[in-house]
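Trainee: Submitted below is the structure of interest, expressed as structure tokens.
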Amino acid sequence: FQVQTTEPIFAERNLGQATLLGGLLTFTTYSPMDQECQRLGNSTLYGLYYQTGTAWRTPVFGDSGLWVNNEVAYKIDLDYGLAITPNLHVGGEEGSTAFVQTSTGAIVAIKQPNLPTQEGKTGRKSWFEGIPTTPAP
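First residue of the sequence shown: 69, per my numbering; consecutive thereafter.
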């Protein structure tokens, strides 16, 4: 006996931990296939502004997060496989890079150049920092 329905089956779930950097909440979701015989589902990477839970006013995913139907894209399809927790890397360039490994073994690197705030970077800004401006007596 199989139930026939015209309603969509919503099975998308967040299975990992979210990361928060520069005002952007980055997390993955997994959607299993609707057929029992198909092994792999699809994973999606989301990037939402942490104060509103909506897309940031500019695309945060660089070239991949362009405008879609006059709306800012706030998610990217990671293709087949289960992806759990994104790992973020902050380097010398603007923004960050999200690295996500799927159950197929693929590691996907997605640039996030337009973070809502640039406060995620730490460290020395110049070699003058920490030197007193007046000589000691």
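Backbone N, C-alpha and C define an ideal beta-carbon position, used for all residues, glycine too. Since the model is a prediction, treat every value here as computed from it, not as a measurement.
Tell me the residue span of the beta strand (DSSP E) that contains S164.
Mentor: The residue you call residue 164 lines up with position 96 of the sequence shown. Its beta strand (DSSP E) spans residues S164 to Q169.
Trainee: Note the first and the last residue of the continuous beta strand (DSSP E) segment covering D147.
Mentor: Along the sequence shown, read from residue 1 onward, the residue named residue 147 stands at position 79. Per DSSP, the unbroken beta strand (DSSP E) holding D147 starts and ends at K143 to Y148.
Trainee: Between the alpha carbons of Y118 and L108, how many angstroms are there, rounded?
Mentor: As a working note, residue 118 is residue 50 in the sequence shown. As a working note, residue 108 is residue 40 in the sequence shown. Approximately 30 Å, taken between the alpha carbons.
Trainee: Helix, strand or coil for N82, going by three-state DSSP, please let me know.
Mentor: If you number the sequence shown from 1, residue 82 lands on position 14. For N82, the secondary structure class from DSSP, reduced to helix, strand or coil, is coil.
Trainee: Does the beta-carbon distance from V128 to Q85 come in below 7 Å?
Mentor: As a working mapping, residue 128 is identified with position 60 in the sequence shown. As a working mapping, residue 85 is identified with position 17 in the sequence shown. No.
Trainee: Could you give the C-beta distance for Y98 and A151, rounded to a whole number, given that I count them as a contact under 8 Å?
Mentor: The residue given as residue 98 occupies position 30 in the sequence shown. The residue given as residue 151 occupies position 83 in the sequence shown. Contact holds; Cβ gap of about 7 Å.
Trainee: Applying the criterion that 16 or more other CB atoms from any shown protein chain within 10 Å of the CB defines a buried residue, is A174 buried or exposed?
Mentor: The residue you call residue 174 lines up with position 106 of the sequence shown. Per the 10 Å Cβ criterion, exposed.
Trainee: Which residues does DSSP pair with A177 in a beta bridge?
Mentor: Here residue 177 is taken as the residue at index 109 of the sequence shown, counted from 1. Partner(s): F167.
Trainee: Compute the Euclidean distance between the alpha carbons of Q103 and T112, then round it to the nearest angstrom.
Mentor: Working through the sequence shown from its first residue, we reach residue 103 at position 35. Working through the sequence shown from its first residue, we reach residue 112 at position 44. The straight-line gap from Cα to Cα measures roughly 19 Å.
Trainee: At which residue ranges does the region 96-135 contain complete beta strand (DSSP E) runs of 3 or more residues, listed in the order of the chain?
Mentor: Those beta strand (DSSP E) runs which fall completely within the region 96-135 and span 3+ residues are 110-117.
Trainee: In angstroms, rounded to a whole number, what distance separates the CA positions of H157 and G90?
Mentor: Walking along the sequence shown from the start, residue 157 turns up at place 89. Walking along the sequence shown from the start, residue 90 turns up at place 22. If you take the alpha carbons of H157 and G90, they lie about 12 Å apart.
Trainee: Could you check if T94 is buried or exposed, using at least 16 other CB atoms within 10 Å of its CB as the buried criterion?
Mentor: Translated into positions along the sequence shown, residue 94 becomes position 26. Its Cβ being crowded by 16 or more others within 10 Å, T94 is buried.
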